[in-house]
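Below is one structure, written out as structure tokens; comments come after it.
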Amino acid sequence: MDMNEIKEIFFQECEEQLAELESGLLKLNDGDRDPETVNAVFRAVHSIKGGAGAFGLDDLVSFAHVFETTLDCVRSNRLDPGPEVLKVMLKSADVLADLTNAARDGGSVDEARSRQLIKELEALANGEVPQASAVAEPVAKAAPVVAAPVVNDEGFQPVAFSFDDFETDEPALMEMPTYEIVFKPKSDLYAKGNDATLLLRDLSRLGEMSIHCDMDALPTLDRLSPETAYFSWKVSLKTDKGEDAIRTVFEFAEWDCDLDVSLVSGDAAPAGEELPMQPVPFDLSILDDEPVGPIGVIEEEEQLAAQQEIRNAAVAAAGTASNVLQMAQSAARAPAEKSAGAAASAAAQSAAAQQAAASAATPTIRVDLDRVDRLINLVGELVINQAMLSQSVIENDANGTSSINMGLEELQQLTREIQDSVMAIRAQPVKPVFQRMSRIVREIADMTGKSVRLITEGENTEVDKTVIDKLAEPLTHMIRNAVDHGLETPEKRLAAGKSAEGTVRLTAKHRSGRIVIELADDGAGINREKVRQKAIDNDLIAADANLSDEEIDNLIFHAGFSTADKISDISGRGVGMDVVKRSIQALGGRINISSKPGHGSVFTMSLPLTLAVLDGMVVTVANQTLVVPLTAIVETLQPEAAAIHSFGSNQRLISIRNSFCPLVDVGRILNFRASQADPVEGVALLVESEGGGQRALMVDAIQGQRQVVIKSLEANYTHVPGIAAATILGDGRVALILDVDTIVAASRGQSLKPEMSLAAAG
Amino acid sequence: MKKRVLTVDDSRTIRNMLLVTLNNAGFETIQAEDGVEGLEVLEEANPDVIVTDINMPRLDGFGFIEGVRKNDRYRAVPILVLTTESDAEKKNRARQAGATGWIVKPFDPTKLIDAIERVTA
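Protein chains in written order, with numbering that gives the first Met the number 0: chain P, 0 to 761; chain G, 0 to 120.
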């Protein structure tokens with residue numbers, strides 16, 4: 000693994016941390032005061048900063064640092080994360096995301112914005128709560144924030160000395176100064192894993208050194224406590240590295256020792272020595288020896304002392320030795336029961352630990368998406384192959400009772416299960432997309448001066464990754480629309496008796512094998528009069544057209560339709576709801592609006608859970624085999640002659656349980672045949688189109704129902720109106736999958752019809 | 000024999016950097032993702048030196064260090080704290096918990112190896 004790969008990992012991790020950050024902040028925004036939430040938010044920024052520092056991404060580090068400092072104030076309860084504070088933090092999270100992206104892809108960030116936010120964050124950390132929301136925070140307690148990036152933080156200085164000029168070289172002296180170092184470790188020094196030997200070794204590397212060990216403190220052996228530090232050392236060191244370098248050697252140890260470093264001018268030793276200096280030639284090679292056993296002079300002295308001590312202790316303990324023996328024996332007698340009990344408790348402990356681990360995070364692995372896709376493709380082929388095999392067995396084994404047939408059924412089930420499991424691998428929660436939306440809402444709310452609250456529900460609803468990836472764009476646009484066009488300005492809202500803050504609610508849920516995403520706002524709703532007028536102006540409808548409310552609402556999905564009086568910066572980017580609708584349809588989805596004047600609008604999208612397979616009804620139309628998505632079909636029925644009513648030039652209706660439903664001849668619409676087929680000869684599929692209206696699709700016969708693997712027609716051939724995709728059937732034939740919504744739209748006699756020609760398409 | 004280093008850090012980036020740096024420097028590296036896992040693998044890892052982060056989910060660095068020091072076998076193993084924390088309070092807490100020393104981030108391979116060599120024989 001090289002640095003570039005690690006950097007790639009870093010950016011992946013950043014994305015996760017940013018998502019974590021945002022969801023944490025949003026939780027706080029909702030009043031969550033769980034310290035773990037605050038900790039998670041802090042950790043997210045902290046991790047980004049840590050990694051960014053390693054890669055020298057200074058912009059990212061300095062912003063993250065200020066952000067982190069402010070978050071630390073929240074963490075230590077010095078700053079209350081009220082709405083105004085969180086507003087700044089959410090914006091900061093956005094900037095942090097921008098900086099991360101800029102660091103990865105190049106590109107630039109809005110520097111003015113990030114500078115502004117740095118200021119705001121610093122103000123927060125200094126105890127200034129924005130917009131004077133009266134929160135009595137002791138300013139003095141708040142941590143001061145350093146504006147400049149504090150990357151080089153050598154500032155750990157409990158003793159009165161400074162690392163500030165650590166990097167600067169001491170002025171080179173002609174004569175090497177000699178330092179006298181008195182070093183007296185405390186017991187804690189050893190308890191924390193430091194070792195006097197190693198410290199002295201490091202010291203010796205600074206220059207020429209002589210050393211003396213003071214053993215005066217060593218008590219008589221019976222009073223000696225084996226874990227107490229008794230020795231101290233006096234070192235005379237000739238070095239040009241300066242006092243700071245000496246101090247640095249003791250950096251880790253300075254709290255657990257008495258250290259005195261003094262510069263001895265020239266060779267003259269200071270007068271008034273308490274201890275007689277007995278310079279011992281210091282042999283570095285001894286220290287560098289691997290074995291940790293007796294090292295160097297010092298250790299030998301210690302060893303001697305220790306040996307003596309052990310002897311004494313042995314004598315002193317002789318009286319108690321018999322007791323110890325007895326205890327040992329009794330302990331030896333009962334090892335069996337004991338070990339059994341210990342094993343049981345150990346097992347219980349490890350089970351508990353595992354449970355704890357499981358609740359904390361389900362174990363996951365990361366797999367390259369290509370591998371999953373390859374697997375999905377293979378399973379698709381397997382499904383087709385299995386279908387082919389079934390078909391040929393059925394053809395060759397008419398009675399269908401053989402064991403081959405039974406085995407085949409099992410195979411079919413297994414294939415189905417494998418397919419479902421494989422699809423589940425690629426299924427992911429919609430959470431990341433939803434999280435992105437909260438940023439979009441914030442930005443547009445800022446731009447339009449509206450106050451908006453985004454509520455998301457069902458974030459953990461899972462859907463195929465390919466669907467998620469394609470969901471972001473239409474959703475972004477719809478959110479923009481909802482805030483820009485849907486919600487009113489605070490003044491208007493107040494005037495209408497609503498709260499100044501508008502609400503946009505984004506919901507995801509599973510419904511009958513599809514994912515349904517709802518976007519609801521509590522704005523003014525669709526202005527139908529305006530929409531209608533605009534549609535008439537744009538020649539979309541006749542001036543005297545009689546349209547239901549629902550039909551008027553759905554006009555906004557027409558190309559080039561925008562109801563805002565002036566095209567604003569936000570929604571008017573040349574992308575209308577028609578594009579949204581088309582991208583949803585391209586996903587095999589439907590979109591639908593319902594609106595209540597004064598109360599807001601609800602957009603409902605229904606999407607397939609996967610783009611790879613589809614449950615379809617295989618039908619015959621004019622000797623062609625077609626597949627109709629099962630999700631579109633409400634029911635199927637055999638029309639009776641009495642139920643068919645003709646009207647107009649070429650239109651027919653079918654009466655179903657006392658209501659009329661337009662009859663659509665699929666063969667005619669697709670130009671499979673020139674004249675209408677006799678409905679009584681065929682089967683009617685009652686389908687629900689995205690407008691909510693029902694249509695009866697006429698086909699010649701139903702062959703059966705099966706799961707088909709979707710093969711893109713666009714990728715392999717070209718787009719054909721009325722056809723969504725293709726598939727390969729069990730007998731190896733290619734069947735086209737019907738695009739029900741387009742067919743229904745075409746049946747309304749709308750503009751689609753002229754281009755609706757399979758013959759024309761080839 | 001290669002020296003064994005146990006690293007405890009929740010950041011995948013830092014874990015990878017530690018792994019590469021330590022392996023290149025000739026150490027044998029065992030990694031854990033948080034304090035809880037660190038304590039779980041401690042016996043098996045049998046480290047000569049431990050490098051740990053402070054801010055971690057489940058069990059932070061302070062708790063982890065305390066846990067290691069409670070284990071008779073490892074109460075004197077050098078523990079280095081990998082930290083971006085500049086304030087004395089954090090380092091003080093780490094020391095009280097029993098940390099041997101610290102490595103100040105941003106992560107710098109030379110600094111890391113230096114620090115490890117300073118606390119190991």
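For glycine and all other residues, C-beta sits at the position ideal for the given N, C-alpha and C.
Residue environment, residue i, which counts as buried when at least 16 other CB atoms sit within 10 Å
i, result
"H718(P)", "exposed"
"V503(P)", "buried"
"N151(P)", "At N151(P), the pLDDT of 42 sits below 50, so the modelled position is not reliable; the number obtained from the coordinates is stated separately. It counts as exposed."
"T363(P)", "exposed"
"H509(P)", "exposed"
"S10(G)", "buried"
"N76(P)", "exposed"
"R94(G)", "buried"
"G406(P)", "exposed"
"R656(P)", "exposed"
"F66(P)", "buried"
Span separating the alpha-carbon of residue i from that of residue j
i, j, result
"Q418(P)", "V378(P)", "6 Å"
"N384(P)", "R441(P)", "50 Å"
"A534(P)", "N526(P)", "12 Å"
"I454(P)", "Q434(P)", "10 Å"
"D109(P)", "R365(P)", "33 Å"
"A426(P)", "D194(P)", "54 Å"
"K110(G)", "I102(G)", "7 Å"
"G30(P)", "I709(P)", "46 Å"
"A18(P)", "P431(P)", "7 Å"
"G97(G)", "R68(G)", "7 Å"
"K48(P)", "D52(G)", "13 Å"
"S746(P)", "V663(P)", "6 Å"
"T247(P)", "D97(P)", "39 Å"
"P82(P)", "S46(P)", "25 Å"
"I467(P)", "V429(P)", "6 Å"
"A758(P)", "R672(P)", "With a pLDDT of 42 at A758(P), under the threshold of 50, the modelled position of that residue is not reliable, and the figure given next carries that caveat. A758(P) and R672(P): Cα-Cα distance of roughly 10 Å."
"E517(P)", "A24(G)", "55 Å"
Closer than 8 Å to chain G by CB, residue i
i, result
"L220(P)", "no"
"E121(P)", "no"
"A683(P)", "no"
"F251(P)", "yes"
"G522(P)", "no"
"S605(P)", "no"
"V58(P)", "Note on identity: in this sequence residue 58(P) is Asp, with Val being the wrong assignment. Cβ-Cβ to chain G under 8 Å: no for D58(P)."
"E166(P)", "Low confidence applies to E166(P): its pLDDT is 44, below 50, so where it sits in the model is not reliable, and the reading given next is rough at best. By this cut-off, E166(P) is not an interface position."
"D79(P)", "no"
"S261(P)", "no"
"A5(P)", "The identity of residue 5(P) in the sequence shown is Ile, whereas the question assumes Ala. True, the Cβ-Cβ gap to chain G drops below 8 Å."
"I454(P)", "no"
"A53(P)", "yes"
"A270(P)", "Residue placement at A270(P) is poorly supported in this model, since its pLDDT is 43, which falls under 50; the coordinates still yield a value, given next. Not closer than 8 Å to any Cβ of chain G, the Cβ of A270(P) fails to qualify, so no."
Beta carbon proximity, residue i to chain P, threshold 8 Å
i, result
"R3(G)", "no"
"N23(G)", "no"
"F61(G)", "no"
"K110(G)", "no"
"N15(G)", "yes"
"V50(G)", "no"
Proximal chain G residues relative to residue i, where beta-carbon distance stays under 8 Å
i, result
"A190(P)", "R68, R74, A75, G97"
"N193(P)", "P77, T99, G100, V118"
"A744(P)", "Under the 8 Å cutoff, chain G gives no residues; its nearest Cβ is about 49 Å from A744(P)."
"S22(P)", "Under the 8 Å cutoff, chain G gives no residues; its nearest Cβ is about 15 Å from S22(P)."
Partners in chain G for residue i, counting only beta-carbon separations shorter than 7 Å
i, result
"W254(P)", "R94"
"E12(P)", "S10, R11, T12"
"L197(P)", "R117, V118, A120"
"D201(P)", "R117"
Under 9 Å from the C-beta of residue i: neighbouring residues of chain G
i, result
"S186(P)", "Those do not exist, as S186(P) stays about 12 Å from chain G at its closest Cβ, beyond 9 Å."
Residues that residue i contacts on chain P, provided the C-beta gap is smaller than 7 Å
i, result
"F26(G)", "Those do not exist, as F26(G) stays about 15 Å from chain P at its closest Cβ, beyond 7 Å."
Curious, which full-length alpha helix (DSSP H) runs of at least 4 residues does the stretch 398-456 of chain P contain?
-> List check, alpha helix (DSSP H) in window: 402-425, 430-447.
Length-filtered (4 minimum) alpha helix (DSSP H) runs lying within the stretch 7-82 of chain P = Counting whole runs of 4 or more residues, the stretch 7-82 of chain P contains the alpha helix (DSSP H) stretches 34-53, 57-74.
Whole beta strand (DSSP E) runs in the stretch 179-264 of chain P with 3 or more residues, listed along the chain?
-> Counting only unbroken stretches of 3 or more residues, the beta strand (DSSP E) elements lying wholly within the stretch 179-264 of chain P are 207-213, 231-237, 256-263, in sequence order.
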